[in-house]
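Step one of this worksheet: look at the structure below.
Residue numbers (the numbering used here), protein chains in the order written: chain A, 208 to 319; chain B, 5 to 125.
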């Protein structure tokens, strides 16, 4: 059971927009920045979004992130077949008196 | 170009030990923290632990599932981080990734390609 909650799957047609949600609590998303990672099949995760809404260099502006309260959202516009991947949200949590990283269970994106 | 390369994975029997290495290049190793994550077959990402950089006292934290069994260390002179795994259990079977991290919050940015650890008798 993951600390952060994501939908198991989303799908949309090429060229369309999709949103992936990530829900947490006050001890994680509510007070901290969120990162998003893309994991293409058979590869390592890659950072897409950091500090909830910033993109590393080289990440297209089709990918954007936002945060409100204890939830975060990853938006992908102009979907391409190459975007088919698992997407994970992550942040840090301090609810147990120590510092640790938590993730959502991942969302599988299918581009129909 | 930032690169992280894990090695040392393989097959181990329950109760035995294994040491993973993470060799880094393309950045000033000592200026960053290092984290280890794992991903069991067909499952999501799980944080294993981290070691901060010197600025933050090289402090360590571990997930409850591996605390007292796993140890993270770093050798800044060689740009290598290690994950010593003792008393391995079948549930430790996973691909292990090392990541470069930044800030006191040890936020992961670059990931290695991963190394598979299989714990089985």
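The C-beta atom is built at its ideal place from N, Cα and C for all residues, glycine as well.
>> Bridge partners for residue 315 of chain A per DSSP, in chain order?
In response: Partner(s): A/216 and A/293.
> Would you call the region 32-39 of chain B and the region 99-114 of chain B in contact, with 3 or more CB pairs under 8 Å?
Replying inline: Flag = yes, the region 32-39 of chain B and the region 99-114 of chain B touch.
>> On the DSSP bridge list, what partners appear for residue 77 of chain B?
In response: In the DSSP output, where bridge partners are listed per residue, residue 77 of chain B has B/86.
> Curious, which full-length alpha helix (DSSP H) runs of at least 4 residues does the region 13-78 of chain B contain?
Replying inline: Entirely contained in the region 13-78 of chain B, not one alpha helix (DSSP H) run reaches 4 residues.
> What's the gap between the Cα of residue 221 of chain A and the Cα of residue 318 of chain A?
Replying inline: For residue 221 of chain A and residue 318 of chain A, the distance between alpha carbons rounds to 6 Å.
>> Quick test of the definition: if touching needs 3 or more C-beta pairs under 8 Å, does the region 43-55 of chain B touch the region 73-84 of chain B?
In response: In this structure the region 43-55 of chain B lies against the region 73-84 of chain B, because at least three pairs of beta carbons, one per stretch, are closer than 8 Å.
> Is there contact between the region 18-31 of chain B and the region 278-286 of chain A, where contact requires at least three CB pairs shorter than 8 Å?
Replying inline: Verdict: no, contact absent.
> Contact between the region 297-307 of chain A and the region 85-100 of chain B: three or more CB pairs below 8 Å?
Replying inline: With a cut-off of 8 Å, the region 85-100 of chain B and the region 297-307 of chain A do not count as touching, because too few Cβ pairs lie within range.
>> What does the alpha-carbon distance come out to for the pair residue 212 of chain A and residue 59 of chain B?
In response: Cα to Cα, residue 212 of chain A sits roughly 33 Å from residue 59 of chain B.
> To the nearest angstrom, how far is it from the Cα of residue 120 of chain B to the Cα of residue 288 of chain A?
Replying inline: Taking the straight line joining both Cα atoms gives about 28 Å.
>> Is the beta carbon of residue 286 of chain A closer than 8 Å to that of residue 245 of chain A?
In response: The beta carbons of residue 245 of chain A and residue 286 of chain A sit no closer together than 8 Å.
> In chain order, what residues of the same chain have a beta carbon less than 6 Å from the beta carbon of residue 126 of chain B, not counting five sequence neighbours either side?
Replying inline: Missing from the structure shown is residue 126 of chain B; chain B here goes from 5 to 125 and no further.
>> Which residue marks the beginning of the beta strand (DSSP E) containing residue 253 of chain A, and which one marks its end?
In response: Secondary structure note for residue 253 of chain A: its beta strand (DSSP E) is the uninterrupted segment 253-256.
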